[in-house]
Amino acid sequence: MASSSSSVALSFLYRNPTKASLLTPKFFTLFSKPTFPSISTSFYSAIPRLGYINFKKINPFHCSNIPIASTNNTQYEFSDGSSEVELRLELGQGDITPKDIYVDANDSSLAIRVQQSGIIRTLMETSTLYEKIKPAETIWYIDEDQLVISLKKQHSELKWPDIVESWESLSTGITQLLTGTSIYLVGESTEINQRIARELAVGLGYTPLSTKELLEGYAKQSMESWVNEEGPDAVAEAESAILESLSCHARAVIATSGGKEGAAGRVNKWRHIFAGFTVWLSLSDATDEESAKEEAKRNMQDSGRGYSNAEVVVKLGGWDPNYSKAVAQAVLSALKRLILADKDLSGKKSLYIRLGCRGDWPDIKPPGWDPSSSPDVSSPSSL
Numbered sequence: 001m002a003s004s005s006s007s008v009a010l011s012f013l014y015r016n017p018t019k020a021s022l023l024t025p026k027f028f029t030l031f032s033k034p035t036f037p038s039i040s041t042s043f044y045s046a047i048p049r050l051g052y053i054n055f056k057k058i059n060p061f062h063c064s065n066i067p068i069a070s071t072n073n074t075q076y077e078f079s080d081g082s083s084e085v086e087l088r089l090e091l092g093q094g095d096i097t098p099k100d101i102y103v104d105a106n107d108s109s110l111a112i113r114v115q116q117s118g119i120i121r122t123l124m125e126t127s128t129l130y131e132k133i134k135p136a137e138t139i140w141y142i143d144e145d146q147l148v149i150s151l152k153k154q155h156s157e158l159k160w161p162d163i164v165e166s167w168e169s170l171s172t173g174i175t176q177l178l179t180g181t182s183i184y185l186v187g188e189s190t191e192i193n194q195r196i197a198r199e200l201a202v203g204l205g206y207t208p209l210s211t212k213e214l215l216e217g218y219a220k221q222s223m224e225s226w227v228n229e230e231g232p233d234a235v236a237e238a239e240s241a242i243l244e245s246l247s248c249h250a251r252a253v254i255a256t257s258g259g260k261e262g263a264a265g266r267v268n269k270w271r272h273i274f275a276g277f278t279v280w281l282s283l284s285d286a287t288d289e290e291s292a293k294e295e296a297k298r299n300m301q302d303s304g305r306g307y308s309n310a311e312v313v314v315k316l317g318g319w320d321p322n323y324s325k326a327v328a329q330a331v332l333s334a335l336k337r338l339i340l341a342d343k344d345l346s347g348k349k350s351l352y353i354r355l356g357c358r359g360d361w362p363d364i365k366p367p368g369w370d371p372s373s374s375p376d377v378s379s380p381s382s383l
């Protein structure tokens, strides 16, 4: 497959929730294939030293015996302008001056603290802003009993539904980037693909579709019995026909089949899957960020696996249906970064569909191009 379009992988791991050491799902690093322009970033960037409005690099908490109260205030007012977002937080009662306020802004994180009555209170602290900002252009001031903070966007055209990246803000805000383009979920587990497809469809207001359910409805038998009777190749061919019929659908989340009978696991069955944004949901044995990252990189470079055609890889360290929404959030977060890295991607998907999904993704050829005469792309029959 030609590899000139953006492609990212997101490692997403959680510990087995049935064990004693319960941990909430944890996002790791978002990164691109080595052959693409780097869009490497971390969901959990370290918070730099605190500074005042003049951005003098100081840290008022070092060498200090002032008690710190971690009381994150979730009550705030938020508004989105054309090139910046504004945040207003209540300061509460008492005499607070600018020298008592500490605002620390990184490209994807924000920490706001106030010193009052000998105690430093955390008004807000998040390492997952909805999208990146320009920290050097952050300004703030006191307006009566409110702290007003203005954050300059890195992507001025992107509308922020909220200050933080969450399931609610992502499912609301990403539709402006998807522009109706469907999402295809691929991977070894049909169950995981189906569950995450349903979560995404509910959040986005899209239609959830399952190729397994469509195939079983057509054949009037289970997938397992079909495979036993005719073999996995016959089922994969039938799923390819289903994918062709779905390729012109807009605003759908399509769960493909896993296993040997799944068409998406075959390199030459992606012609119509490329019509949408493609996400590989991949189970992993990795136990830390670095090993998950390396595993995802190896997977994406494995040209012998159909799943490596996916534009996004989400690694899961185990599976529990109770975490479906968290996995769906990880998918939306990765898709947001994918599209922002290549703002023409949605338009290219639309053009690819209008030209008939000829198998020339991502290097779309002019109208009238005959794929059977090109040495660079396999014939339609093999795709």
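Residue numbers (full-length UniProt numbering): 1 to 383.
Ideal Cβ placement from N, Cα and C applies to all residues, glycine included.
Length of the line joining the Cα atoms of residue i and residue j
i, j, result
"E84", "K349", "29 Å"
"T287", "D95", "48 Å"
"L243", "R121", "54 Å"
"T97", "A111", "18 Å"
"L91", "G81", "23 Å"
"Y76", "D342", "32 Å"
"A250", "S182", "5 Å"
"G203", "S189", "22 Å"
"S247", "S373", "23 Å"
"S303", "L340", "26 Å"
"A292", "Q301", "14 Å"
"E230", "W361", "31 Å"
"K152", "S245", "44 Å"
"V103", "K297", "36 Å"
"K134", "Q115", "26 Å"
"D107", "N228", "54 Å"
"E144", "Q93", "11 Å"
"N322", "P232", "31 Å"
"G119", "S109", "It should be noted that the sequence gives Ile, not Gly, for residue 119. Whole-angstrom Cα-Cα distance: 23 Å."
"G265", "E294", "21 Å"
"A236", "K220", "16 Å"
"A136", "E168", "28 Å"
"D363", "A197", "28 Å"
"L209", "Y184", "10 Å"
"N299", "R113", "43 Å"
"S79", "D344", "27 Å"
Local Cβ density within 10 Å of residue i, reported as buried at 16 or more and exposed below that
i, result
"K234", "Note on residue identity: the sequence assigns Ala, not Lys, to residue 234. Result: exposed."
"K260", "exposed"
"Y141", "exposed"
"K99", "exposed"
"I254", "buried"
"G258", "buried"
"I101", "buried"
"L338", "buried"
"L351", "exposed"
"G317", "buried"
"A241", "exposed"
"P371", "buried"
"S333", "buried"
"S117", "exposed"
"K269", "buried"
"S222", "exposed"
"G359", "buried"
"S282", "buried"
Whether residue i touches residue j by CB criterion (7 Å)
i, j, result
"Y206", "A252", "yes"
"A263", "E239", "yes"
"K336", "I174", "yes"
"A105", "T126", "no"
"V331", "V314", "yes"
"S280", "V186", "Looking at the sequence provided, one finds Trp at residue 280 rather than Ser. Going by C-beta atoms, W280 is nearer than 7 Å to V186."
"D176", "K159", "Correcting the residue type first, residue 176 is Gln in the shown sequence and not Asp. Contact: yes."
"residue 385", "E224", "In this structure the chain extends from 1 to 383, so residue 385 is not present and cannot be described."
"T211", "T278", "no"
"S346", "T179", "yes"
"E86", "S150", "yes"
"L123", "L89", "yes"
Closer than 7 Å to chain C by CB, residue i
i, result
"K153", "No chain C appears in the structure shown, which is made up of a single protein chain."
Could you tell me which whole beta strand (DSSP E) segments of length 3 or greater appear in the region 230 to 297? Counting only unbroken stretches of 3 or more residues, the beta strand (DSSP E) elements lying wholly within the region 230 to 297 are 252 to 255, 277 to 283, in sequence order.
For the region 155 to 170 and the region 119 to 133, state whether three or more C-beta atom pairs, one from each stretch, are separated by less than 8 Å. Contact between the region 155 to 170 and the region 119 to 133 is present, because at least three Cβ pairs lie under 8 Å.
Inter-stretch contact at 8 Å, needing at least 3 Cβ pairs: the region 208 to 217 / the region 278 to 296: Put simply, the region 208 to 217 does not touch the region 278 to 296. Fewer than three CB pairs are less than 8 Å apart.
Restricting to runs no shorter than 3 residues, where is the beta strand (DSSP E) found entirely within the UniProt domain "CS" (71 to 164)? Taken in chain order, the unbroken stretches of beta strand (DSSP E) that lie wholly in the UniProt domain "CS" (71 to 164) and span 3 residues or more are 76 to 80, 84 to 90, 101 to 105, 110 to 116, 119 to 126, 139 to 143, 146 to 152.
Count Cβ pairs between the region 263 to 282 and the region 299 to 312 that sit closer than 8 Å; are there 3 or more? The region 299 to 312 and the region 263 to 282 touch, with three or more beta-carbon pairs separated by less than 8 Å.
Looking at C-beta atoms only, is the number of pairs between the region 187 to 196 and the region 343 to 360 that lie closer than 8 Å three or more? With the cut-off at 8 Å, the region 187 to 196 and the region 343 to 360 do not touch.
Can you give, in chain order, each stretch of the beta strand (DSSP E) that sits fully within the region 162 to 210 and has at least 3 residues? Complete beta strand (DSSP E) runs here, min 3: 183 to 186, 207 to 210.
Residue ranges of each beta strand (DSSP E) run of no fewer than 3 residues wholly in the region 284 to 364, ordered along the chain? Runs of the beta strand (DSSP E) lying entirely within the region 284 to 364, each at least 3 residues long, are 312 to 316 in chain order.
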